[in-house]
Amino acid sequence: MNAARPPERGPAAAEAVAGRIAGTVRADIRALAAYAVAPAADGIKLDAMECPYELPETVREDIARAVRDAALNRYPPGGTGALDQDVRQAFGIPAEAGLLFGNGSDELIHLIVQACCEPGDAVMSPWPSFVYFDMAARFDHARFVGVPLTDSLELDLPAMLRAIAQHRPKVVFLALPNNPTGGLWPDQAVQAIIDAAPGLVVLDEAYQPFAGQTWMPRLPALPNVAVLRTVSKIGLAGLRFGYLAGHPDWIAQFDKVRPPYNLNVLTQAALRAVLRHKPVLDAQAARLRADRAPLAAALAALPGVSVFPSAGNFVLARFSGQPDGNAVHLALKTRKILVKNFSGAHPLLAGCLRISVGTPAENAALLAALQDILRSH
Ligand code: PMP
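Here's what the structure looks like:
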């Protein structure tokens, strides 16, 4: 029997590891903080734009059957024929478009940057937007250029066009609607960016189900555009599934950098089972969309609080008085209500908290807590 050597501990071991890491891991990675995911907590979770509704029993039973029968002893089969058909039908993908599936749409963002960018090439997005555009660009040695939104958190089209002319980005990411601000950039402005961009424009429609409009049907007429979507915001965040639609020749390039078997058999099986119940997902999204305006109005009625227009399943609220955004975030947390604090993330987001639309009971609990926090200060 081999006696396992106990792992070395203590300051000397830590120092040895630190020295080896310093000489091995890229300096820019060592300087980064990891993407922050709040630990699961009991209470009210309004920090990650998840759907607060659980799937009905009938759907769960279908998933359980599908997952039970999945061939876990085999790698996922090459090609995604049946899933491809189901996704096309469920989400209205034009027949001419190619499709690439990802382990979440995060992964697809990476694949796009990896396939397109030489070290130092520019990746661009209005800013603030989804932080992973910036992170993926950095990881993949590209140069991220964030073009500031206006003070009212709208797209600054002249600034975008100037930045495109100056930096000639390989990839422009436009989140439609934008995270974390909620704004939906006007069609003419998006078209102007598409026309001006020298490379690929990725329209990230993660929050599209709450916006009620999409670029997807226009895709075949747009040779330098791909549309990115996810099922995470419509009730399936735990599944980790995203898809990219674009001209088949673009998709073929991105497919080359996709890790083999990236989409596991359980995700594929569960997704196909859920998509047979697509109206359930649609109804949940419609419910959240309907509950957004009353939540925004109630937040805006609180003293010192302003709310930015949102087309997503969340609202961005600015706390300009006392207590400030940081203090409100903390006070909510002690009451077991989790929202996302953007106060220190960017000067344009001073005092801002992003709040997912929850169930009516969750929204009411949030508002009651905020009233109490603002009153008792
Ligand atoms: N795009 C945008 C704009 C997002 O906000 C998010 C999630 N926060 C994603 C993509 C990634 O979603 P997922 O990886 O869960 O598919």
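If you're matching positions, the sequence shown starts at 1 in full-length UniProt numbering and goes up one per residue. Cβ atoms here follow ideal geometry from the backbone N, Cα and C, with glycine treated the same way. Nothing here was measured: the structure is a model prediction, and the numbers come from that model.
The ligand PMP never approaches G235 closely enough for any of its heavy atoms to be under 7 Å from the residue's Cβ. With the rule of 3 Cβ pairs closer than 8 Å, the stretch 352-372 counts as touching the stretch 314-330. Here A122 has R143, V145, H167, P169 as same chain residues with Cβ atoms under 6 Å from its own Cβ, once five neighbours each way along the sequence are excluded. By the Cβ-count criterion, L72 is exposed, with fewer than 16 other Cβ atoms from all chains shown falling within 10 Å of its own Cβ.
For C352, the uninterrupted beta strand (DSSP E) segment begins and ends at 352-356.
Annotated three-state conformation of T359 is coil, per DSSP. Shown here for G10: not one same chain residue has a beta carbon closer than 6 Å to its own, the five before and five after excluded. Under the three-state reduction of DSSP, F130 is assigned to coil, being neither helix nor strand. For the stretch 86-129, the full-length alpha helix (DSSP H) segments reaching 4 residues or more read 105-116 along the chain. In the three-state reduction of the DSSP assignment, T181 falls in the coil class.
Each of T334, R60, A13, V227 was checked against the Cα of P94, and the nearest Cα belongs to V227. Taken through DSSP and simplified to helix, strand or coil, T230 comes out as strand. A distance filter of 5 Å between CB atoms and the heavy atoms of the ligand PMP selects the following residues in sequence order: G104, S105, D106, F130, A175, N179, D204, A206, T230, S232, G242. As for any beta strand (DSSP E) of minimum length 3 sitting wholly inside the stretch 133-202, the runs are 143-148, 171-175, ordered along the chain. Under a 10 Å Cβ-count criterion, G246 is classified as buried, with 16 or more other Cβ atoms of the shown protein chains found around its own Cβ.
Per DSSP, R65 is one residue of the alpha helix (DSSP H) stretching across 57-68. Contact annotation: L281 and G102 have beta-carbon atoms that are not nearer than 8 Å. Ranking I109, F139, G120, E61 by CA distance to the CA of L32 puts F139 first.
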